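In what follows, a single structure is set out as structure tokens and then discussed.
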Amino acid sequence: MSTELELKQTEEKIQETRNELNRLNAVANDLRVKLYYEKKGLKPRQPFMCKGKKIFKVSCATYRFFNGFYLTKKGELTAKPISFCIDDEITPLPIE
């Protein structure tokens, strides 16, 4: 096998592994959000109050920190979410 071919195959394997790692990270982040809702006694996508904002969507930032998306004055989800910890107090709100 030529060095050039070996390098190309190695780079392809690296890209395949990187894609699989990205997929697994996305699955893990979704599960962390699901677990957060379960631990807080919330139903999936149930809104809640946190840090004075009505949170409609949650994404995982790290293992213990999350991003909360709230509605802007225009009624759109904010582009810049608030960050909160898994231990921060929340107030569940009814599902609309």
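Quick note: the sequence shown, position 7, residue 1 per our numbering, numbers continuous. Positions of the beta carbon are idealized from the N, C-alpha and C atoms, including for glycine. Please read these numbers as outputs of a predicted model, since none were measured by experiment.
Quick one: what's residue i bridged to in DSSP?
i: residue 16; result: Answer is none; residue 16 lacks a bridge partner.
i: residue 88; result: For residue 88, which the question treats as bridged, DSSP gives no partner whatsoever.
Among the candidates the options, whose CA atom is the shortest distance from the CA of residue i?
i: residue 31; options: 21, 11 and 42; result: 42
i: residue 77; options: 86, 71, 63 and 39; result: 63
i: residue 71; options: 29, 18 and 47; result: 47
i: residue 87; options: 38, -5 and 16; result: 38
i: residue 56; options: 13, 20 and -4; result: 20
i: residue 58; options: -2, 23, -4 and 75; result: 23
i: residue 28; options: 0, -1 and 52; result: 52
If you run the structure through DSSP and keep just helix, strand and coil, what is residue i?
i: residue 57; result: coil
i: residue 33; result: helix
Taking Cβ to Cβ, would you say residue i is nearer than 9 Å to residue j?
i: residue 82; j: residue 44; result: yes
i: residue 26; j: residue 60; result: yes
i: residue 7; j: residue 84; result: no
i: residue 89; j: residue 40; result: yes
Where are the beta strand (DSSP E) runs, 3 residues long or more, that stay fully inside the region 37 to 84, in chain order?
42 to 44, 47 to 54, 59 to 64 and 76 to 79
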